[in-house]
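Undergrad: Chains A and B are the protein sequences, given in the same order. Take the first sequence: its position 2, counting from 1, is numbered 1 in numbering that gives the first Met the number 0, and each next residue is one higher. Take the second sequence: its position 52, counting from 1, is numbered 51 in numbering that gives the first Met the number 0, and each next residue is one higher. By construction, the Cβ of each residue, glycine as well, lies at the ideal position given by its N, Cα and C atoms. Treat the numbers as computed from the prediction; the structure is a model and nothing was measured. Mind looking over this structure? Questions follow.
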Amino acid sequence: MSQQVMPARYRVISSHGETHDTVTLALQPVGQPIPAYQPGQFTMLYAFGIGEVPISISGSPAGRDLVQTIRSVGAVTRALCAAGPGQMIGVRGPYGTSWDVAEAAGQDVLLVAGGIGLAPLRPALLAMLEARPMYRRITVLIGARSPEELVFASELDGWRARDVRVHVTVDRATAGWPGHVGVVTQLIDRADIDPAATRALLCGPEVMIRLAARALCARGVGPERIRVSLERNMRCGIAECGHCQLGPLLLCRDGPVISYQRAAPLLAVQEL
Amino acid sequence: MTDVAPALLAKHAFLHGLPAPQVAALARATRQIWVPAGHRFFEEGGRAGQLWLITAGHVALDIQVPGRARLIVETIGEGDVMGLSWVSAPQEWQFGAEAIQPTTAFELDTAALTALCESDPVLGYQITRRLIAVAVRRLQATRIRLLDLYSAPSQNPVAP
Chain A
0 MSQQVMPARY RVISSHGETH DTVTLALQPV GQPIPAYQPG QFTMLYAFGI GEVPISISGS
60 PAGRDLVQTI RSVGAVTRAL CAAGPGQMIG VRGPYGTSWD VAEAAGQDVL LVAGGIGLAP
120 LRPALLAMLE ARPMYRRITV LIGARSPEEL VFASELDGWR ARDVRVHVTV DRATAGWPGH
180 VGVVTQLIDR ADIDPAATRA LLCGPEVMIR LAARALCARG VGPERIRVSL ERNMRCGIAE
240 CGHCQLGPLL LCRDGPVISY QRAAPLLAVQ EL
Chain B
0 MTDVAPALLA KHAFLHGLPA PQVAALARAT RQIWVPAGHR FFEEGGRAGQ LWLITAGHVA
60 LDIQVPGRAR LIVETIGEGD VMGLSWVSAP QEWQFGAEAI QPTTAFELDT AALTALCESD
120 PVLGYQITRR LIAVAVRRLQ ATRIRLLDLY SAPSQNPVAP
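Printed below as a string of structure tokens:
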């Protein structure tokens, strides 16, 4: 079923504006739902009559609704962001690899998110919170452009209350902002982690991922302990069209989540 | 200057690995401070004569923009160094600095620090190298922020 190419019909249950250009939709199936999904996987969302785009799932796999967070950057995403309760959307998937949070059991977990990169990491965090005693220290480091462009801002204190260390840094802020101002790699330098027993999950702009992964390696976290979520031009979602090729990988099938050990040499190739 | 235990001073990341006699010399030019949230360390245009090694807390470097709220340029915390404007002429603070949490730090008098570095070139070399490393890290971080990585993709007509 995960190879499906016909979209399932989903109805928008609610729409929540995260920032001026980013919306989180809660969806419920009308008829047959898509199969169960894992944190880190994505779907192809279809704005009927306009087009289809890959969007990361941002909700808990245990949740009743399919939750997806969309940034308005073009015609299709603009239409999806504008979708209100009751509107129908097509959904294919789930596709791709997962964060494999079970692998981090018994260890420290460090999540590093840049911008809307927090959306694909959120299901991993929610899954770990469902089984909080299985994990040691959980730290979430978030980089955003400004406090106003921080997604899931209303949830951060709730995560802190559940024994998660959450640190936010922004590129620009005015007086009164109580958090950090600077790049997310500076938070990595200061993070209280045990490098030999840390699993790191990274998602954000690719330049940020490279810099954050390097900063983690400099702290002594082995590249095999770092997983990154990469983005390319995903179209079919089933490794047929080749649009999302990254060297030997087709990211819709082999990604989006891969180990940094595997990603590092590919990210260094300019043509890729 | 009040007494600062060299062993305590040596624990700061900026001085990591510096020989004990040199740390002891620096300790004589250092005092330990605690300030509450809201304390202004310095203002843009003021004479720059201190170097702070932050041991706890959180400080915002800021700049006044006419007609707008102060903009925070960068924040600095535990293990960081604050105050580089004294290194070069005209020795004036280029930004302001305000504690946004209660903050503790070692405060070095830069006239005394400069005298120590001139009388002991090995120490001077070490301090210079470490200050350059701080400046390089800040320059690199600033360059990354200039990339505006989290902005929306450019107005590409074929963006999905």
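(1) Measure the alpha-carbon distance for A/Arg277 versus A/Gly30 and round it to whole angstroms.
(2) Assuming contact is defined by CB atoms lying nearer than 8 Å, are A/Cys202 and A/Ala103 in contact in what I supplied?
(3) So what's A/Ile33 in DSSP terms, helix, strand or just coil?
(4) From this set, A/Cys243, A/Arg189, A/Arg226, which residue's C-alpha is nearest B/Ala12's C-alpha?
(5) Strictly under 8 Å for the Cβ-Cβ distance: is B/Gly66 near chain A by that measure?
(6) Given this structure, state the Cα-to-Cα distance separating A/Ala35 from A/Val167, to the nearest angstrom.
(7) Name the DSSP bridge partner or partners of B/Trp33?
(8) Of all Cβ atoms in chain A, is any one closer than 8 Å to the Cβ of B/Ile131?
(9) Which first and last residues belong to the beta strand (DSSP E) in which A/Leu202 is found?
(10) Do the segment 94–103 of chain B and the segment 48–57 of chain B make contact, defined as three or more Cβ pairs closer than 8 Å?
(11) Could you pull the start and end residues of the alpha helix (DSSP H) that A/Ala267 belongs to?
(12) Measuring CA to CA, which of A/Ala174, A/Trp176, A/Gln260 is closest to A/Ala199?
(13) With a threshold of 8 Å between beta-carbons, can B/Thr102 be considered close to chain A, or not?
(14) At least one CB of chain A closer than 8 Å to the CB of B/Ser150: is that the case?
(15) Grouping DSSP H, G and I as helix and E and B as strand, with all else coil, what is A/Leu245?
(16) What three-state label does DSSP hand B/Ala9 in the structure shown?
(17) Is the Cβ of A/Trp98 closer than 8 Å to any Cβ of chain B?
TA: By the coordinates alone:
(1) There is simply no residue 277 of chain A to check, as chain A begins at 0 and stops at 271 in what is shown.
(2) In the first sequence, the residue the question calls residue 202 of chain A occupies position 203. In the first sequence, the residue the question calls residue 103 of chain A occupies position 104. Taking 8 Å as the Cβ cut-off, A/Cys202 and A/Ala103 do not qualify as a contacting pair.
(3) Against the first sequence, residue 33 of chain A aligns to sequence position 34. If DSSP states are grouped into helix, strand and coil, A/Ile33 belongs with coil.
(4) The residue you call residue 12 of chain B lines up with position 13 of the second sequence. Considering only A/Cys243, A/Arg189, A/Arg226, the residue with the shortest C-alpha distance to B/Ala12 is A/Arg189.
(5) For the purposes of this step, residue 66 of chain B is taken as the residue at position 67 of the second sequence. Taking Cβ atoms only, chain A never reaches closer than 8 Å to B/Gly66, which makes this a no.
(6) If you number the first sequence from 1, residue 35 of chain A lands on position 36. If you number the first sequence from 1, residue 167 of chain A lands on position 168. So the two alpha carbons sit approximately 31 Å from each other.
(7) Within the second sequence, the letter at position 34 stands for residue 33 of chain B. B/Thr103, per the DSSP bridge assignment.
(8) Translated into positions along the second sequence, residue 131 of chain B becomes position 132. Taking Cβ atoms only, chain A never reaches closer than 8 Å to B/Ile131, which makes this a no.
(9) Against the first sequence, residue 202 of chain A aligns to sequence position 203. A small fix is needed here, since residue 202 of chain A is Cys in this sequence, not Leu. 197–202 is the span of the beta strand (DSSP E), which, as asked, contains A/Cys202.
(10) yes
(11) Position 268 of the first sequence holds residue 267 of chain A. Per DSSP, A/Ala267 belongs to no alpha helix (DSSP H) and is neither H nor E.
(12) Against the first sequence, residue 199 of chain A aligns to sequence position 200. Out of A/Ala174, A/Trp176, A/Gln260, A/Gln260 has the C-alpha closest to the C-alpha of A/Ala199.
(13) To locate residue 102 of chain B, count along the second sequence from 1; it is residue 103. Closer than 8 Å: no.
(14) Within the second sequence, the letter at position 151 stands for residue 150 of chain B. By the rule that beta-carbons nearer than 8 Å mark a contact, B/Ser150 touches chain A.
(15) Taking the first sequence and counting its residues from 1, the one referred to as residue 245 of chain A is at position 246. Here A/Leu245 carries a strand assignment [DSSP, helix/strand/coil].
(16) The count along the second sequence starts at 1 and reaches residue 9 of chain B at position 10. The DSSP-derived three-state label of B/Ala9 is coil.
(17) Translated into the one-based positions of the first sequence, residue 98 of chain A becomes position 99. So, not an interface residue.
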